[in-house]
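Numbering (the working numbering), first residue to last: 6 to 379.
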């Protein structure tokens with residue numbers, strides 16, 4: 006059922022006195038020639054539809070009503086497409102007490118004019134979901150995405166082009182109060198890196214002193230880039246479920262996560278859960294006060310010379326990558342490190358350590374903090 010009612014009212018010399026004052030509605034309604042539904046904004050949906058209107062020479066009125074449709078009346082726009090110089094919009098009026106408006110426009114000649122009508126529509130909810138299947142060696146990931154639309158807008162779309170702003174648009178239909186799923190992309194095979202993430206601020210430094218076993222978060226890291234098999238468009242934020250072949254023709258479920266929108270060139274990190282296949286032990290082997298400064302206040306200000314030593318042990322049969330997140334408060338300078346770190350922000354360093362199968366690796370880094378109260 007089509008909710009919108011655009012109607013052409015003729016106010017040229019063909020109309021008799023009195024009839025021109027009434028909002029007479031024609032029976033034959035111009036159908037939509039094309040509809041594009043833009044879903045690239047997270048909280049609003051832009052609908053752009055094209056219609057072919059039959060205009061008379063001189064002034065014409067177009068009546069547009071939307072009873073039962075949840076749209077923003079201030080956002081409705083009409084734009085001539087075929088001959089914008091010959092067709093001019095004169096005014097827009099809103100009849101009181103009605104979900105309607107009337108456009109007044111003039112045409113130099115009697116013609117069929119293609120116009121675009123656009124508006125912001127509410128009640129069309131969207132959700133992007135992903136399904137990923139990891140290869141047995143966990144070197145690649147087959148990724149497919151779907152868009153789930155829930156239509157509570159009051160409007161039916163019999164045939165529309167839906168777009169997320171990037172990538173190819175897809176054509177489909179969805180009725181009011183209907184939920185439908187559309188494929189965003191069918192299948193991409195991308196390279197993946199499995200990482201273990203140990204955060205010094207969240208996990209114990211000496212796991213052997215804990216009553217239970219310490220689990221370490223596990224992630225799949227995928228780069229949204231063409232070199233890695235993706236990079237065709239941004240990956241819209243949503244839920245992702247990860248599976249792996251079980252060797253008997255089926256799959257096993259590895260875990261699920263939610264992630265934010267990932268532009269091209271950025272990295273997507275999918276958390277699978279926690280693992281006991283890696284153990285991290287860390288100690289501070291030096292914490293010396295240097296550069297004492299006289300002060301009338303207590304405690305006095307000093308600098309500190311600090312050294313951290315970390316041992317990473319793997320119980321897996323193959324090599325693993327462990328990201329060690331180190332957080333250093335205050336103002337500081339890195340003196341040296343046995344591995345080059347990535348500096349995430351003013352207080353965070355990340356060391357990526359590759360550990361051989363059933364082996365151990367050690368990390369040492371030395372830094373000095375300034376203006377420490379002691």
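All C-beta atoms in this analysis are idealised placements derived from N, C-alpha and C, irrespective of residue type, glycine included.
Measure the C-alpha to C-alpha separation of residue i and residue j and round it to an integer number of angstroms.
{"i": "residue 249", "j": "residue 49", "result": "36 angstroms"}
{"i": "residue 153", "j": "residue 183", "result": "11 angstroms"}
{"i": "residue 85", "j": "residue 150", "result": "37 angstroms"}
{"i": "residue 370", "j": "residue 324", "result": "23 angstroms"}
{"i": "residue 283", "j": "residue 216", "result": "17 angstroms"}
{"i": "residue 328", "j": "residue 70", "result": "58 angstroms"}
{"i": "residue 286", "j": "residue 41", "result": "56 angstroms"}
{"i": "residue 363", "j": "residue 352", "result": "32 angstroms"}
{"i": "residue 349", "j": "residue 272", "result": "14 angstroms"}
{"i": "residue 376", "j": "residue 320", "result": "41 angstroms"}
{"i": "residue 307", "j": "residue 326", "result": "37 angstroms"}
{"i": "residue 341", "j": "residue 123", "result": "60 angstroms"}
{"i": "residue 120", "j": "residue 245", "result": "41 angstroms"}
{"i": "residue 111", "j": "residue 96", "result": "10 angstroms"}
{"i": "residue 207", "j": "residue 222", "result": "11 angstroms"}
{"i": "residue 318", "j": "residue 254", "result": "34 angstroms"}
{"i": "residue 155", "j": "residue 131", "result": "6 angstroms"}
{"i": "residue 367", "j": "residue 218", "result": "21 angstroms"}
{"i": "residue 74", "j": "residue 228", "result": "41 angstroms"}
{"i": "residue 34", "j": "residue 72", "result": "Its pLDDT being 44, under 50, residue 34 is placed unreliably by the model, and the measurement read from it follows with that caveat. So the two alpha carbons sit approximately 16 angstroms from each other."}
{"i": "residue 62", "j": "residue 68", "result": "18 angstroms"}
{"i": "residue 20", "j": "residue 80", "result": "Because the pLDDT of residue 20 is 33, which lies under 50, any placement of that residue in the model is unreliable, and the question is left without a value."}
Compute the distance between the beta-carbons of residue i and residue j, then report whether it is under 7 angstroms.
{"i": "residue 148", "j": "residue 187", "result": "no"}
{"i": "residue 106", "j": "residue 52", "result": "no"}
{"i": "residue 54", "j": "residue 37", "result": "yes"}
{"i": "residue 356", "j": "residue 344", "result": "yes"}
{"i": "residue 224", "j": "residue 200", "result": "yes"}
{"i": "residue 311", "j": "residue 372", "result": "yes"}
{"i": "residue 164", "j": "residue 178", "result": "yes"}
{"i": "residue 171", "j": "residue 239", "result": "yes"}
{"i": "residue 66", "j": "residue 136", "result": "no"}
{"i": "residue 168", "j": "residue 82", "result": "no"}
{"i": "residue 243", "j": "residue 134", "result": "yes"}
{"i": "residue 220", "j": "residue 263", "result": "no"}
{"i": "residue 128", "j": "residue 162", "result": "no"}
Quick one: grab the DSSP three-state call for residue i.
{"i": "residue 66", "result": "strand"}
{"i": "residue 346", "result": "coil"}
{"i": "residue 79", "result": "helix"}
{"i": "residue 209", "result": "coil"}
{"i": "residue 231", "result": "helix"}
{"i": "residue 113", "result": "coil"}
{"i": "residue 214", "result": "helix"}
{"i": "residue 186", "result": "strand"}
{"i": "residue 333", "result": "coil"}
{"i": "residue 156", "result": "strand"}
{"i": "residue 315", "result": "strand"}
{"i": "residue 201", "result": "strand"}
{"i": "residue 147", "result": "strand"}
{"i": "residue 181", "result": "coil"}
{"i": "residue 289", "result": "strand"}
{"i": "residue 99", "result": "coil"}
{"i": "residue 85", "result": "strand"}
Got a sec? Which residues, its chain only, sit under 6 angstroms from residue i by beta carbon, not counting five neighbours each side?
{"i": "residue 260", "result": "247, 277 and 278"}
{"i": "residue 335", "result": "374"}
{"i": "residue 117", "result": "57 and 59"}
{"i": "residue 76", "result": "124 and 126"}
{"i": "residue 175", "result": "167 and 187"}
Excluding sequence positions up to five away, which residues of its chain have a Cβ less than 8 angstroms from the Cβ of residue i?
{"i": "residue 230", "result": "236, 269 and 270"}
{"i": "residue 256", "result": "138, 248, 249 and 250"}
{"i": "residue 26", "result": "Note on residue 26: pLDDT 35, under 50, position unreliable in the model; no value is reported."}
{"i": "residue 191", "result": "149"}
{"i": "residue 39", "result": "54, 55 and 166"}
{"i": "residue 258", "result": "246, 247 and 248"}
When you compare each of the options to residue i by their alpha carbons, which one comes out closest?
{"i": "residue 289", "options": "331, 264 and 308", "result": "331"}
{"i": "residue 378", "options": "323, 97, 161 and 305", "result": "305"}
{"i": "residue 274", "options": "198, 322, 287 and 298", "result": "198"}
{"i": "residue 91", "options": "77, 115 and 253", "result": "115"}
{"i": "residue 100", "options": "341, 78 and 173", "result": "78"}
{"i": "residue 226", "options": "189, 210, 267 and 211", "result": "267"}
{"i": "residue 87", "options": "98, 145 and 113", "result": "113"}
Take residue i and list the residues in its own chain whose beta-carbon comes closer than 7 angstroms to its own, dropping the five residues that flank it on each side.
{"i": "residue 234", "result": "193, 194, 195 and 196"}
{"i": "residue 32", "result": "Note that residue 32 has pLDDT 27, beneath the 50 cutoff, so the model's placement of it is unreliable and the number below is only indicative. Excluding residues within five positions, none has a Cβ falling inside 7 angstroms."}
{"i": "residue 204", "result": "330"}
{"i": "residue 297", "result": "305 and 307"}
{"i": "residue 291", "result": "310, 311 and 312"}
{"i": "residue 104", "result": "70, 71 and 72"}
Any beta carbon of chain B sitting closer than 7 angstroms to that of residue i?
{"i": "residue 265", "result": "Of the protein chains in the structure, only one exists, and it is not chain B."}
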